[in-house]
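Participant:
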Amino acid sequence: MLVDKIIELSENHVVGVKNVTMNEWFFQGHFPGNPVMPGVLLIEAIAQTGGILVLNTVPDPQNYWTYFMKIDNARFKNKVIPGDTVVFKLELMSPIRRGLCQMSGTAFVGNKVVMEAEMLAQIVKKS
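Going from the sequence shown to my numbering is simple: count from 1 and add 13.
(1) Are the Cβ atoms of residue 16 and residue 31 separated by less than 8 Å?
(2) By the three-class DSSP mapping on this structure, what secondary structure does residue 39 have?
(3) Helix, strand or coil: how does DSSP classify residue 20 here?
(4) Identify, in the order they occur along the chain, each residue of the same chain with its Cβ nearer than 8 Å to the Cβ of residue 35, setting aside the five sequence neighbours on each side.
(5) DSSP three-state label for residue 94, please.
(6) Could you please give me the residues that DSSP links to residue 84 through a beta bridge?
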């Protein structure tokens, strides 16, 4: 929902893009007269991008859920405003074991880092 497209995908990394427009629902209240993309939505967007990376490791991704278990070292370095194109780059920090996936991600607008975080996710087969 918060990622417009995936532009790179391999076994170990993914790159996703979000074009931020003034029509985004969250700009109505965050903040009036000073639209800034909420940090929690940047976290969600990078998590969604990481979910695509994780589900790419199973042969039948439609039969799995991705649950995020932990977010560490999240840092917000610059604001994201309407008109920005955010590029999310994530890579696996270690091989996936027992469905646990540790990733490191960085979000960029142009050459500027706007956010970074480390995440732990688990993939679970749907019952």
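C-beta: ideal position from N, C-alpha, C; glycine also.
Facilitator: The structure says:
(1) yes
(2) helix
(3) strand
(4) 48, 95, 96
(5) Residue 94: coil per DSSP, three-state reduction.
(6) 132
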